[in-house]
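> Would you mind keeping the following structure in view while I ask a few things?
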Amino acid sequence: MKEVDARGLSCPEPLMMTAEALKSAKGPIKVLVSEAHQRTNVEKFAKDRGKKATTTEKGSEFEIVIE
Amino acid sequence: MNLSDSKKKLALAGVVCGLVAACLAYFGNPANMAFCIACFVRDMAGSLGMHQAEVVQYARPEIIGLILGAFIISVATKEYRSTGGSSPMIRFVLGMIIMIGSLVFLGCPLRMVIRMSAGDLNAWVALIGFILGVSTGAFALKKGFSLGRAHETNKTSGAVLPAIMVGILILATCTTLLKASQAGPGSMHAPIIMSLIGGLIFGAFAQKSRMCFAGSIRDVVLMKNFDLLSVIVGLFVVMLIFNAATNRFVLGFNTPGIIAHSEHLWNILGMYAVGFAAVLAGGCPLRQLILAGQGSSDAAVTVLGLFFGAALCHNFGLAASGTAINAETKELVAGAVSTNGKVACIICIVVLFVIAFTNKRESAK
Numbered sequence: 001m002k003e004v005d006a007r008g009l010s011c012p013e014p015l016m017m018t019a020e021a022l023k024s025a026k027g028p029i030k031v032l033v034s035e036a037h038q039r040t041n042v043e044k045f046a047k048d049r050g051k052k053a054t055t056t057e058k059g060s061e062f063e064i065v066i067e
Numbered sequence: 001m002n003l004s005d006s007k008k009k010l011a012l013a014g015v016v017c018g019l020v021a022a023c024l025a026y027f028g029n030p031a032n033m034a035f036c037i038a039c040f041v042r043d044m045a046g047s048l049g050m051h052q053a054e055v056v057q058y059a060r061p062e063i064i065g066l067i068l069g070a071f072i073i074s075v076a077t078k079e080y081r082s083t084g085g086s087s088p089m090i091r092f093v094l095g096m097i098i099m100i101g102s103l104v105f106l107g108c109p110l111r112m113v114i115r116m117s118a119g120d121l122n123a124w125v126a127l128i129g130f131i132l133g134v135s136t137g138a139f140a141l142k143k144g145f146s147l148g149r150a151h152e153t154n155k156t157s158g159a160v161l162p163a164i165m166v167g168i169l170i171l172a173t174c175t176t177l178l179k180a181s182q183a184g185p186g187s188m189h190a191p192i193i194m195s196l197i198g199g200l201i202f203g204a205f206a207q208k209s210r211m212c213f214a215g216s217i218r219d220v221v222l223m224k225n226f227d228l229l230s231v232i233v234g235l236f237v238v239m240l241i242f243n244a245a246t247n248r249f250v251l252g253f254n255t256p257g258i259i260a261h262s263e264h265l266w267n268i269l270g271m272y273a274v275g276f277a278a279v280l281a282g283g284c285p286l287r288q289l290i291l292a293g294q295g296s297s298d299a300a301v302t303v304l305g306l307f308f309g310a311a312l313c314h315n316f317g318l319a320a321s322g323t324a325i326n327a328e329t330k331e332l333v334a335g336a337v338s339t340n341g342k343v344a345c346i347i348c349i350v351v352l353f354v355i356a357f358t359n360k361r362e363s364a365k
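First to last, the protein sequences are chains A and B.
Heads up: the first sequence begins at 1 in the working numbering, then just goes up one per residue.
Heads up: the second sequence begins at 1 in the working numbering, then just goes up one per residue.
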C-alpha cells in the first residue's frame, strides 16, 4: 500500500500530498498525519472524492487508510 | 463537537465570531478594528514598551483571550499537542513581514473583511493584492515549498505563550506597569472583562472551525474548495448588518475616522505581502494565534515575529497614517504610506520570493 507521511507538516501540505498519491496509486493509500485538524481535512478530502476513509489513532498521531 | 465538517457549521462559526466583533465594536473598540489581530498585537507591543507610539498602546484582552481560548478548548478536546522545529526563524521573519504588510495597508486580513463590510472601498482594492499574494504562495506550494516537519516537544513548551499571556493579563489588571494610551485608537476599548470573554469565545470557535483568512482563499485557488470561505462570508454578513444598523456603513474611498488610506498601489502591495507570507506560514495572523494556543511553538515564534514587526513599524515610521480631519482647520488630511514603509514593503516582498523558492519539501528536492 502506498504510504504518505505528512506528519508534522503545515497546512495544506498533507492534503496536497494525499491528492498527489491518490492520482498515481491504483489501490488504497495510507496517510500519516499528526494534528487533529489535518485528520479531519484528509477524511473530508477523501469523502468529497467518493472514497472511504478509515482512521486509527497511533499514539498521538493518526493513520488514515483511503480506499 | 466538530465545526469544520460542513459549510453550514463553518458559516455558523463565522456568524458567532462576527457577533463577538460587532459587540466589542459597539461597546468601545474602534469600530473598524473591532477585532483586528495586527492592530491589537501592535497595541499590545506598545503597552509592553516595545514601541513608543503613544496613541496605540494597550494590552488588548482580546489577544490574550484568543490564545487562552484556543488553549483551553484544545486541552479539553484533546487536540493540544506541544510541537516545534519547523524552521522557526523563517517563521519569525514571516511574522515580521505579515505585520509590516498589515501596517502598510492598516489592518490584517480580518480587518480587511471588517473594513469591506463597512463600505471602505480601499479594503476591496487591497483584497486584489491579498488574493494575488495568496495565489503566489499557492504557486510556491505547488512547486514543492515546505518549511519542514514539526516534531513533538516537551509538553510544557507549547504552554509557554499561553502562560505569558496570563502574565500579561495579571500585569494589565493588577499593576500600572503597562502603558495605556490616553488618546487615539489605543484608548478606545470595550470593558476588559467583555474583551477577555469575547476573545475566549472567538478563540474557541476559531480553533474548532479552523477559521483562516489566508487558508480560505488558498483552498479556493489550490483545490477549488469553498468550505473555509463560508466562515468569512458568515462574519462579513454579520458585520455588514451591524454596520448598516448602526449607521456605520459609509461607501467611499477617503472616509475620515476609519483609519485607512487611499494609496491604492500600497494597499495592494501591503496585502500582497500579507497574503503571500500567511500562506507560506500556514495561516493568517488569527490562525497563528490559535495554533500557538493549541501548542505549536512554531506558530508562537510567528506570533513573536508579529510583535517584533510591530515594534519595527512604529520605531522606524513604517506604518501608514489614516485619513483624518484636522481638528482645528476641519480640513481633510489624506492618509499616506511613508517612504520608509514603501521601501520596507518592497524588501518584504523580495524576501518572500527568496523564502518561497529556496525551501523545498524533502521529496520535492
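From the three backbone atoms N, C-alpha and C, an ideal C-beta is built for every residue, glycine too.
The structure displayed is predicted, hence computed values, not measured ones.
1) If you follow the beta strand (DSSP E) that A:Val31 is in, where does it begin and where does it stop?
2) Once you ignore the five residues that flank A:Lys52 on each side, which residues in its own chain have a CB closer than 6 Å to its CB?
3) Rank B:Ala59, B:Val333 and B:Val113 by C-alpha distance to the C-alpha of B:Ile168 and give the top, closest one.
4) Using a Cβ cut-off of 9 Å, pull out every chain B residue sitting near A:Pro14, in sequence order please.
5) For A:Pro14, which of A:Ala25, A:Lys26 and A:Lys30 has the nearest alpha-carbon?
6) Starting from A:Glu3, follow the beta strand (DSSP E) in both directions and report where the run begins and ends.
7) Say whether chain B places a C-beta atom closer than 9 Å to the C-beta of A:Thr54.
8) Using a beta-carbon distance below 9 Å, is B:Thr83 in contact with chain A?
9) What's the gap between the Cα of B:Leu286 and the Cα of B:Gly270?
10) Measuring alpha carbon to alpha carbon, tell me which of B:Asn315, B:Ala76, B:Ala70 and B:Ser296 ends up nearest B:Glu152.
11) Are B:Ile90 and B:Leu132 close, meaning C-beta to C-beta below 9 Å?
12) Is it true that the CB of B:Val351 sits closer than 9 Å to the CB of B:Ile97?
13) Assuming B:Trp266 and B:Cys345 are in contact, meaning their beta carbons sit under 8 Å apart, how far apart are those beta carbons, in whole angstroms?
14) Among all the DSSP beta bridges, which residues are the ones paired with B:His314?
15) If contact means a Cβ-Cβ distance below 7 Å, which residues of the segment 145-174 of chain B contact chain A?
16) Cβ of B:Ala70 within 9 Å of Cβ of B:Ala204?
17) Mark B:Lys208 as exposed unless 16 or more other C-beta atoms lie within 10 angstroms of its C-beta, in which case mark it buried.
18) Should B:Leu367 and B:Leu235 be called a contact, given that it needs their Cβ atoms to be closer than 9 Å?
19) Alpha carbon to alpha carbon, how far is B:Asp120 from A:Ser24? Give it in angstroms, no decimals.
20) Should B:Ser4 be flagged as near chain A, meaning a C-beta pair shorter than 9 Å?
21) Between B:Met89 and chain A, is the shortest Cβ-Cβ distance under 9 Å, so that the two count as touching?
22) What are the start and end residues of the alpha helix (DSSP H) that includes A:Lys58?
23) If you follow the alpha helix (DSSP H) that B:Gly40 is part of, which residue opens it and which one closes it?
24) Using 8 Å as the threshold, is the segment 42-54 of chain B in touch with the segment 251-265 of chain B, meaning 3 or more CB pairs across them?
25) Taking only beta-carbon positions, decide if A:Lys44 is within less than 9 Å of chain B.
26) Closer than 9 Å, CB to CB, is B:Leu222 near chain A or not?
27) In chain order, what residues of the same chain have a beta carbon less than 6 Å from the beta carbon of B:Ser230, not counting five sequence neighbours either side?
28) Can you confirm whether A:Ser10, when its beta carbon is compared against all beta carbons of chain B, has any partner nearer than 9 Å?
29) Let me know the alpha helix (DSSP H) ranges lying completely inside the segment 5-87 of chain B, each 4 residues or longer, listed in chain order.
30) Identify the contact partners of A:Arg73 in chain B, using a Cβ-Cβ distance below 8 Å as the criterion.
31) If the criterion is Cβ atoms closer than 9 Å, does the pair B:Leu141 and B:Leu24 meet it?
32) Whose Cβ in chain A lies nearer than 9 Å to the Cβ of B:Leu141?
33) Tell me, to the nearest whole angstrom, how far the beta carbon of B:Gln294 is from that of B:Glu79; I am working on the premise that it is less than 8 Å.
34) So which of B:Ser135, B:Asn340, B:Ala281 and B:Gly309 has the shortest CA-CA distance to B:Ile355?
35) Could you tell me whether the Cβ of B:Asp216 comes closer than 9 Å to any Cβ of chain A?
36) Using the beta-carbon of each residue, which ones in chain D are nearer than 7 Å to B:Arg210?
Well, looking at it:
1) As a working mapping, residue 31 of chain A is identified with position 31 in the first sequence. A:Val31 -> beta strand (DSSP E) spans Ile29 to Val33.
2) On the first sequence, residue 52 of chain A is found 52 positions in, with the first residue counted as 1. Taken in chain order, the residues that qualify are Glu67.
3) Residue 168 of chain B sits at position 168 when you count from the first residue of the second sequence. For the set B:Ala59, B:Val333 and B:Val113, the Cα lying nearest the Cα of B:Ile168 is the one of B:Ala59.
4) Looking up residue 14 of chain A in the first sequence gives position 14. Near A:Pro14 there are no residues of chain B at all, since even the closest Cβ is about 11 Å away, more than 9 Å.
5) Translated into positions along the first sequence, residue 14 of chain A becomes position 14. Comparing Cα-Cα distances from A:Pro14 to each of A:Ala25, A:Lys26 and A:Lys30, the minimum goes to A:Lys30.
6) Start at 1 with the first residue of the first sequence, and residue 3 of chain A comes out as number 3. Start and end: Lys2 to Asp5.
7) Numbered from 1 along the first sequence, position 54 holds the residue referred to as residue 54 of chain A. When Cβ-Cβ separations below 9 Å define contact, A:Thr54 makes no contact with chain B.
8) Numbered from 1 along the second sequence, position 83 holds the residue referred to as residue 83 of chain B. With 9 Å as the cut-off, B:Thr83 counts as an interface residue toward chain A.
9) Taking the second sequence and counting its residues from 1, the one referred to as residue 286 of chain B is at position 286. Taking the second sequence and counting its residues from 1, the one referred to as residue 270 of chain B is at position 270. C-alpha separation (whole angstroms): 17 Å.
10) For the purposes of this step, residue 152 of chain B is identified with residue 152 of the second sequence, where counting begins at 1. Considering only alpha carbons, the answer is B:Ser296.
11) Working through the second sequence from its first residue, we reach residue 90 of chain B at position 90. Working through the second sequence from its first residue, we reach residue 132 of chain B at position 132. The answer is no: Cβ separation not under 9 Å.
12) In the second sequence, the residue the question calls residue 97 of chain B occupies position 97. In the second sequence, the residue the question calls residue 351 of chain B occupies position 351. Taking 9 Å as the Cβ cut-off, B:Ile97 and B:Val351 qualify as a contacting pair.
13) Residue mapping note: residue 266 of chain B aligns to position 266 of the second sequence, counting from 1. Residue mapping note: residue 345 of chain B aligns to position 345 of the second sequence, counting from 1. About 7 Å; that satisfies the 8 Å criterion.
14) Working through the second sequence from its first residue, we reach residue 314 of chain B at position 314. Per DSSP, none; premise fails for B:His314.
15) Taking 7 Å as the Cβ-Cβ cut-off against chain A, the residues of the segment 145-174 of chain B that qualify are Ser146, Leu147, Arg149, Ala150, His151 and Glu152.
16) Taking the second sequence and counting its residues from 1, the one referred to as residue 70 of chain B is at position 70. Taking the second sequence and counting its residues from 1, the one referred to as residue 204 of chain B is at position 204. A contact, by the Cβ cut-off of 9 Å.
17) Mapped onto the second sequence, residue 208 of chain B falls at position 208. Label assigned to B:Lys208: buried.
18) For chain B, the structure presents residues 1 to 365; residue 367 of chain B sits outside this window and is missing.
19) Taking the first residue of the first sequence as position 1, residue 24 of chain A is located at position 24. Taking the first residue of the second sequence as position 1, residue 120 of chain B is located at position 120. C-alpha separation (whole angstroms): 47 Å.
20) Within the second sequence, residue 4 of chain B is the residue found at index 4, counting from 1. With 9 Å as the cut-off, B:Ser4 counts as an interface residue toward chain A.
21) If you number the second sequence from 1, residue 89 of chain B lands on position 89. B:Met89 does not count as touching chain A.
22) For the purposes of this step, residue 58 of chain A is taken as residue 58 along the first sequence, with counting starting at 1. Unbroken run through A:Lys58 is the beta strand (DSSP E), Ala53 to Lys58; no alpha helix (DSSP H).
23) Translated into the one-based positions of the second sequence, residue 40 of chain B becomes position 40. Note that residue 40 of chain B is Phe in the sequence shown, not Gly. Per DSSP, B:Phe40 belongs to the alpha helix (DSSP H) from Ile37 to Ser47.
24) Counting C-beta pairs with one atom in each stretch, the segment 42-54 of chain B and the segment 251-265 of chain B have fewer than three that are closer than 8 Å, which means they do not touch.
25) In the first sequence, the residue the question calls residue 44 of chain A occupies position 44. Yes - at least one Cβ of chain B is within 9 Å of the one on A:Lys44.
26) Here residue 222 of chain B is taken as the residue at index 222 of the second sequence, counted from 1. B:Leu222 counts as touching chain A.
27) If you number the second sequence from 1, residue 230 of chain B lands on position 230. Lys7, Leu10 and Ala11.
28) Taking the first residue of the first sequence as position 1, residue 10 of chain A is located at position 10. Yes, its Cβ sits closer than 9 Å to a Cβ of chain B.
29) 7-26, 37-47 and 61-76
30) The displayed coordinates of chain A run from 1 to 67. Any statement about residue 73 of chain A would go beyond what the structure contains.
31) Locating residue 141 of chain B in the second sequence gives position 141, counting from the first residue. Locating residue 24 of chain B in the second sequence gives position 24, counting from the first residue. Taking 9 Å as the Cβ cut-off, B:Leu141 and B:Leu24 do not qualify as a contacting pair.
32) In the second sequence, residue 141 of chain B corresponds to position 141, counting from 1. Residues of chain A passing the Cβ test: Pro12, Glu13 and Met16.
33) Against the second sequence, residue 294 of chain B aligns to sequence position 294. Against the second sequence, residue 79 of chain B aligns to sequence position 79. 6 Å between Cβ atoms; contact.
34) For this step, residue 355 of chain B is matched to residue 355 along the second sequence. Nearest option by C-alpha distance: B:Ala281.
35) Against the second sequence, residue 216 of chain B aligns to sequence position 216. Here residue 216 of chain B is Ser; the residue named in the question, Asp, does not match the sequence. Cβ-Cβ to chain A under 9 Å: no for B:Ser216.
36) Looking at the structure shown, chain D is missing, and the protein chains on hand are A and B.
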